[in-house]
Amino acid sequence: MMTNQGSISPDQYGPVELNVISLASPSPSPELLHALAAQIRAGVVRLLDFVVVSKSESGAVKYEEIDVEAYELADLVVHLPGLAGEDDLAELAEGIPAGGAAAVVAFELLWARELAEQLAEDGSVVITTERIPAPVVNTIVGMASDDWSGRGAAS
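Okay, so the sequence shown: first residue is 44 according to our numbering, each after it adds one.
Shown next, in the form of structure tokens:
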């Protein structure tokens with residue numbers, strides 16, 4: 044770790060990403076949690092907060108911090124429960140259809156921590172970040188592949 048003033052100390056965090064994940068059932072699947080645990084074990088992310096937001100058919104919203112002990116996954120340690128505040132959760136819940144559920148998950152991007160330290164040391168700042176969801180990327184790549192293969196066939 045870098046030691047000058049611009050670096051991130053051990054008690055600080057690197058970049059954090061807040062994900063809202065539509066759930067097919069009222070709670071996250073064990074497979075989803077195992078995939079998350081694998082990323083934690085690999086050192087890619089640290090789980091900061093994980094809240095399940097559900098909306099009844101009448102529109103009543105319920106927030107529930109994940110009970111990691113219920114899933115018996117030692118890697119799922121929630122480091123900053125409550126990081127996603129009630130105002131944030133209420134705003135995010137507006138996009139959940141009646142009878143639906145979503146997980147609001149905050150990850151510290153451990154893979155980006157060293158870059159964040161270097162940016163701070165250099166006096167640089169990330170101005171904005173935009174994530175392109177995997178289905179969109181795969182659709183674009185698929186369309187481009189069709190274009191590329193069509194061009195190759197015409198030659």
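Beta carbons: idealized from backbone N, C-alpha and C, even for Gly.
| query | Which residues share a DSSP beta bridge with D92? | reply | Looking up residue 92 in the sequence shown gives position 49. D92 pairs with A149.
| said: On a Cα-Cα basis, can you pick out the residue from V147, L119, L162 and R156 that is closest to D131? | reply: Within the sequence shown, the letter at position 88 stands for residue 131. Selection V147, L119, L162 and R156 evaluated against D131 yields V147 as nearest (Cα-Cα).
| Could you give the distance in angstroms between the alpha-carbon of A78 and the alpha-carbon of A163? | As a working mapping, residue 78 is identified with position 35 in the sequence shown. As a working mapping, residue 163 is identified with position 120 in the sequence shown. Answer to the nearest angstrom: the Cα atoms are 31 Å apart.
| task | Put E112 into one of helix, strand or coil per three-state DSSP. | result | The residue given as residue 112 occupies position 69 in the sequence shown. Residue state, collapsed to three classes: helix.
| In angstroms, rounded to a whole number, what distance separates the CA positions of V111 and T182? | Numbered from 1 along the sequence shown, position 68 holds the residue referred to as residue 111. Numbered from 1 along the sequence shown, position 139 holds the residue referred to as residue 182. Across the structure, V111 and T182 are spaced so that their CA atoms are roughly 34 Å apart.
| field | Buried or exposed by the 16-neighbour rule on C-beta atoms within 10 Å, applied to S97 | value | For the purposes of this step, residue 97 is taken as residue 54 along the sequence shown, with counting starting at 1. Under this definition S97 is a buried residue.
| message | Less than 8 Å between C-beta atoms, sequence neighbours within five positions excluded: which residues of the same chain meet that for N47? | response | Counted from its first residue, the sequence shown places residue 47 at position 4. Low confidence applies here, because N47 scores a pLDDT of 37, under 50, leaving its location unreliable and the question unanswered by this model.
| message | Taking only three categories from DSSP, how would you classify H77? | response | Within the sequence shown, numbered from 1, the residue matching residue 77 stands at position 34. DSSP, reduced to helix, strand and coil, places H77 within a helical segment of the structure shown.
| query | Hey, out of I175, Y114, P176 and E108, whose CA is closest to L126's CA? | reply | Here residue 126 refers to the residue found at position 83 of the sequence shown. With distances taken between Cα atoms, L126 lies closest to E108.
| I175 to E100 span [Cα, whole Å] | As a position in the sequence shown, residue 175 is number 132, starting the count at 1. As a position in the sequence shown, residue 100 is number 57, starting the count at 1. For I175 and E100, the gap between their C-alpha atoms comes out near 31 Å.
| query | Starting from L61 and walking both ways along the beta strand (DSSP E), at which residues does that stretch end? | reply | Here residue 61 is taken as the residue at index 18 of the sequence shown, counted from 1. Per DSSP, the unbroken beta strand (DSSP E) holding L61 starts and ends at V59 to L66.
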